[in-house]
Amino acid sequence: MEDEEDEEDEDVDEDDEDEESRDAEEDVESVGDVWKLNGVHHKGINGTAPAPAPASHPSKLRTGRLNQRSSTSLTTFATLMLMHVSIETITLSETPEPPLLLPTGVKDALHPLQHTADRVVKQIEAYAQSLDNFRRQGLQPGDTRAFQEACKLVKKYQQIAEDTAKELSQPTGARRSLKSSTLMNLSQSYKPNVSVSKDEEASIRRWQLEADTWGLVFHLLAVGDPESHMQAQLNQKTALQTLHRYSTDHDIWETFLRTDHFAVENAVMLKWLENTARAGIEVMDSTISKLEMDANRGEGLWAHGWLYTKEAIKGAKRLRSWPQPLEPDDPSVTASLLSSSHNEPLITQLDPDAVTRQGLGLQKQDQSFEEATWLECWKMIRTGKDWLSIRAWAKERLESWRAISLCGSAGDSSLSAKDPSHSSLLRMMNYRSQESWRAACSVLANNPNSNRYERAVYALISGETGPAYEVCQSWSDFVYVNCNHILLSQYRDFCKQLQRKLSYAPKAEVELRVDPPQYDSIRNFLDTLVKDPRTAKESKNPYCTIQAAILGRSYDQFFNLQANALAKVAQESGEPTLIPDISSMRTFDQPTLIAAKDHDSLRLTAHLYLILRAVGLVRSDSHYSATASVNVVRYIDFLREYGATRDIPLYASLLPRDMGNEVLGKVLIEVTEPSERESHIQMMKRLKIDTSAMIQSQWRWVLTEADKKFNPKPIKLVRTVTTGGDRPGKIGHIMKGFISKSKISPEDENLIRCIDWHRYISGQWSRICILGTHLYKRFISEFPLHSADSLDTLSNGDYLAAGKISTAREMYKRAKLHQTLVDMTNRAQGPLLDPLTKNGVSSPTLDSASEQQKAKATEKLTREQLLMQAETMLELEQLIQSFDAIEKWGDLMDDYTKYVAAPPIISS
Numbered sequence: 004m005e006d007e008e009d010e011e012d013e014d015v016d017e018d019d020e021d022e023e024s025r026d027a028e029e030d031v032e033s034v035g036d037v038w039k040l041n042g043v044h045h046k047g048i049n050g051t052a053p054a055p056a057p058a059s060h061p062s063k064l065r066t067g068r069l070n071q072r073s074s075t076s077l078t079t080f081a082t083l084m085l086m087h088v089s090i091e092t093i094t095l096s097e098t099p100e101p102p103l104l105l106p107t108g109v110k111d112a113l114h115p116l117q118h119t120a121d122r123v124v125k126q127i128e129a130y131a132q133s134l135d136n137f138r139r140q141g142l143q144p145g146d147t148r149a150f151q152e153a154c155k156l157v158k159k160y161q162q163i164a165e166d167t168a169k170e171l172s173q174p175t176g177a178r179r180s181l182k183s184s185t186l187m188n189l190s191q192s193y194k195p196n197v198s199v200s201k202d203e204e205a206s207i208r209r210w211q212l213e214a215d216t217w218g219l220v221f222h223l224l225a226v227g228d229p230e231s232h233m234q235a236q237l238n239q240k241t242a243l244q245t246l247h248r249y250s251t252d253h254d255i256w257e258t259f260l261r262t263d264h265f266a267v268e269n270a271v272m273l274k275w276l277e278n279t280a281r282a283g284i285e286v287m288d289s290t291i292s293k294l295e296m297d298a299n300r301g302e303g304l305w306a307h308g309w310l311y312t313k314e315a316i317k318g319a320k321r322l323r324s325w326p327q328p329l330e331p332d333d334p335s336v337t338a339s340l341l342s343s344s345h346n347e348p349l350i351t352q353l354d355p356d357a358v359t360r361q362g363l364g365l366q367k368q369d370q371s372f373e374e375a376t377w378l379e380c381w382k383m384i385r386t387g388k389d390w391l392s393i394r395a396w397a398k399e400r401l402e403s404w405r406a407i408s409l410c411g412s413a414g415d416s417s418l419s420a421k422d423p424s425h426s427s428l429l430r431m432m433n434y435r436s437q438e439s440w441r442a443a444c445s446v447l448a449n450n451p452n453s454n455r456y457e458r459a460v461y462a463l464i465s466g467e468t469g470p471a472y473e474v475c476q477s478w479s480d481f482v483y484v485n486c487n488h489i490l491l492s493q494y495r496d497f498c499k500q501l502q503r504k505l506s507y508a509p510k511a512e513v514e515l516r517v518d519p520p521q522y523d524s525i526r527n528f529l530d531t532l533v534k535d536p537r538t539a540k541e542s543k544n545p546y547c548t549i550q551a552a553i554l555g556r557s558y559d560q561f562f563n564l565q566a567n568a569l570a571k572v573a574q575e576s577g578e579p580t581l582i583p584d585i586s587s588m589r590t591f592d593q594p595t596l597i598a599a600k601d602h603d604s605l606r607l608t609a610h611l612y613l614i615l616r617a618v619g620l621v622r623s624d625s626h627y628s629a630t631a632s633v634n635v636v637r638y639i640d641f642l643r644e645y646g647a648t649r650d651i652p653l654y655a656s657l658l659p660r661d662m663g664n665e666v667l668g669k670v671l672i673e674v675t676e677p678s679e680r681e682s683h684i685q686m687m688k689r690l691k692i693d694t695s696a697m698i699q700s701q702w703r704w705v706l707t708e709a710d711k712k713f714n715p716k717p718i719k720l721v722r723t724v725t726t727g728g729d730r731p732g733k734i735g736h737i738m739k740g741f742i743s744k745s746k747i748s749p750e751d752e753n754l755i756r757c758i759d760w761h762r763y764i765s766g767q768w769s770r771i772c773i774l775g776t777h778l779y780k781r782f783i784s785e786f787p788l789h790s791a792d793s794l795d796t797l798s799n800g801d802y803l804a805a806g807k808i809s810t811a812r813e814m815y816k817r818a819k820l821h822q823t824l825v826d827m828t829n830r831a832q833g834p835l836l837d838p839l840t841k842n843g844v845s846s847p848t849l850d851s852a853s854e855q856q857k858a859k860a861t862e863k864l865t866r867e868q869l870l871m872q873a874e875t876m877l878e879l880e881q882l883i884q885s886f887d888a889i890e891k892w893g894d895l896m897d898d899y900t901k902y903v904a905a906p907p908i909i910s911s
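What follows is the structure in structure tokens.
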């Protein structure tokens, strides 16, 4: 089976490569190509290390911290974080201080950390690149091809998670190398913390859980397309007519699966649970080892059956000189043939069913041996061992009867080893023909004289749940037992209808009746696991929460709950975030809140929503989409926090239009490097994002934030009279600090950046003129409430006169709107005209989308029109220039006056 899966994976990979090559021919510009075409080469997750903003100002969106992060690539940032973690795990002893690291030692220590950081970069980019290739397919929800392409995408994500888990499992991991080489060799006073290895194991386990979850999604998508549903309904009409009393168990089983799509899903889930159990059988193996130790027998003696009970029976026979089998009803035998503790009578015969038939027990060591053997049988069924493996295991122990007990029959020996008839589902295929075997298994599952592992094995075979739940050791074990019960119940109902059809005339047409899917039953069962003390802790694992939503098909409810929980967590944290306040729920269950706070499962949730939405398995109405898309917004926020802005436009393009524009506007306000801005614009064009709508959304946001601290009260200029003092004639001195030196507020900083962003988008010149004029007037006339720190240094008249002229001057220097006009007039033409209103008058605070739709895209501005539109803005800029010149002249005059008034220096 594993070989077949490997071959299928190779075929899928080859198909992916062919598909990607065709995509490359159709669309040459990928996400990386856009950045390279703009001269931005890859130096980290952002493609280049952006220069810091001209001034560092804390903003609503952690401007200060993000500016610092944006100055380095994600690789450097992750390396520093890993260094911090590694150093924290090393404790210094009270003995002499260790020597400092030599340069070569530092490089050796940082190399594995750099490798880990590069791996994080590749993971984020691999997820984004695969998603971009899937997006370019232009698939329609509900289309069969959409499911096929989604399966390819999910398989890639699964492979990424598996590769990461394998890489972390290698002994050359970052922390292991750091611990075993440089630092340990430099000084013995360094003692690594034991928790490091535990953290690595936890990280490996989390990546393996993510790979398992993607595997579940892959299998369900592979059988979940609408065409498969329709075909199953068509097969129900003729399925019973194709079967007869001589049909093989395999043929009947296959017909059953072709007619019941819900049964196919349960069979797929059962196989998935079996495959994932193989990676986590350590608990069962440890229990088996403990029982084998209690059995008190050496290696290789498992083929000799009940050694200690056999010895006791032989002793009883020798004592009585009795060559015949001992009778369990003989009082003298039962009184003397007791266990080593002399508490319970022992069986008198050694046949396999002696314990059940006689109702007697075994020696304590043999009881442990029997429990270990039946637990091994449970393990083989739980991990999906095929019939041939089970038969070989039983034959090696000289107990072939156990293999027959597990599967009901020996199967067809003429078939090859890879034939489906030899799969782990053989015990289910034999369910119909081996009626007496099934009934016996049901009785044994409820036999109090049998040990709990034996009862659990027979419960699985007969479809019982109670005895099997007693030995479950994990959340997935409980799910497996329930899934096994549902599938056997469905097959039992199918066999009853087939048996009833066989009693009719051979040519009688009987249509199969299939019950609707029992998703509600699965959801209710999964909810009980959250409350069950045996599984409550594991059920709160974020990956179990996601898997429960997939198993119960509660996609809509899950994404809605997660979105509201994310909004609630963001609101309670008190930190700025991209997530809108949508929380309409006050309370959440603990698993939902845990998943909302888990960053690792966030990546899985966001991409899972995008995939399921693309194939049409979640609601598509606008209200639900706006809520569920918060899961993607939180992932975008995660990328922003770690400096991965390069891939954000891709995810924003998959959001609802207004939400995507709003998110992009808030993220891109932090981008100040011209080359990065150009690359983002090119990428947005490739992704067919309306840049004009984005920049308008950004303006509305920054203006709203600024208006919260805006004082509409105009400044009052206090009349002052000054004298010339020592100056010649009636010339009065220019006020010191005519333009205040106060810092620019975060809100004003964003306003300036937004104006600057307009210059990178075509068709925005008329809007630039209007918004620029608005801001100049605003800065010159606004009462600067934010400048309270300068009250001690300026007089009342100085403070009022200053206004926010310093902010206006900063805008003049950085936005360079006058230079933009010069560049445009030198080219004799500018960007396309985008008149905001018919009469040329508009408010910068109002949306102009409807007016822009009426504009003619082919109308170009002449040089005179450009100057006419910019006239007011240029006059205000000239006013700012005048203020700046006056202040500079005043400073020069003060310096000159001090120089003239200073006494001459006479050299001796």
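Note that this note's numbering has the sequence shown beginning at 4, numbered continuously upward. All C-beta atoms in this analysis are idealised placements derived from N, C-alpha and C, irrespective of residue type, glycine included.
Assignment of Gly775 by DSSP, reduced to helix, strand and coil, places it in the helix class. Lys317 and Ser292 have their C-alpha atoms spaced approximately 28 Å apart. In this structure, DSSP gives Gly364 an extended state, which the three-state scheme calls strand. Excluding the 5 residues flanking it on each side, Thr337 has same chain C-beta neighbours closer than 6 Å at Pro348, in chain order. In this structure, Asn269 sits away from Cys475, with a CB-CB distance that is not shorter than 7 Å. Under DSSP, the beta-bridge partners assigned to Pro348 are Leu341. Put simply, of Leu246, Phe886, Ala696, Leu879 the residue whose alpha carbon is nearest the alpha carbon of Lys504 is Leu246.
In the DSSP assignment, Cys475 falls outside any alpha helix (DSSP H) and carries neither an H nor an E. When DSSP states are grouped into helix, strand and coil, Lys816 belongs to the helix group. It is roughly 34 Å from the alpha-carbon of Thr538 to the alpha-carbon of Ala129.
DSSP, read as helix, strand or coil, puts Asn544 in coil. With contacts defined as CB atoms closer than 7 Å, Val446 and Thr468 fail to qualify as a contacting pair. Of the other Cβ atoms in all chains shown, 16 or more fall within 10 Å of the Cβ of Pro652; this residue is therefore buried. Short of 7 Å from the beta carbon of Pro355, and not among the five residues preceding or following it, lie these beta carbons of its own chain, in chain order: Trp404. In the same chain as Phe591, and ignoring 5 residues on each side of it, the C-beta atoms closer than 6 Å to its own belong to Ala568, in chain order.
Per DSSP, Gly619 lies in no alpha helix (DSSP H) segment and is marked neither H nor E. The three-state secondary structure of Val636, taken from DSSP, is helix. The beta-carbon distance between Leu820 and Gly775, rounded to whole angstroms, is 5 Å. This is short enough to meet the 8 Å contact definition. Minimum Cα-Cα distance from Cys757 among the listed residues Lys691, Met697, Ser479, Arg649 corresponds to Met697.
DSSP, read as helix, strand or coil, puts Thr875 in helix. Contact check for Ala566 and Asn634: beta-carbon distance about 6 Å, within the 8 Å limit, so the pair qualifies.
A direct Cα-to-Cα measurement between Gln881 and Gln822 gives close to 13 Å.
For Ser408, the closest alpha carbon among the candidates Met432, Trp440, Lys398, Ser392 is that of Trp440. In the three-state reduction of the DSSP assignment, Ser289 falls in the helix class. At least 7 Å separates the beta-carbon of Glu165 from that of Ala205. A residue is called buried once 16 or more other Cβ atoms fall within 10 Å of its Cβ, and Asp710, having fewer, is exposed.
Boundaries of the alpha helix (DSSP H) around Lys155: 147 to 172. Excluding its 5 nearest sequence neighbours in each direction, Lys600 has C-beta neighbours in its own chain below 8 Å: Val572, listed in chain order. Here Leu581 really is in contact with Val666; their C-beta atoms are around 6 Å apart, less than 8 Å.
Here the segment 231 to 238 makes no contact with the segment 491 to 506; the two share fewer than three CB pairs at distances below 8 Å.
Between the C-alpha atoms of Lys780 and Leu879 there is a straight-line separation of about 8 Å. Going by DSSP, Ile672 is part of no alpha helix (DSSP H) at all; its letter is neither H nor E. When secondary structure is reduced to three states using DSSP, Gly318 falls in the helix class.
Judged by their CB atoms, Leu329 and Thr312 are not nearer to each other than the 7 Å cut-off. Boundaries cannot be given for Ile747, as no alpha helix (DSSP H) includes it and DSSP labels it neither H nor E. The segment 272 to 281 and the segment 354 to 371 do not touch, with fewer than three beta-carbon pairs separated by less than 8 Å.
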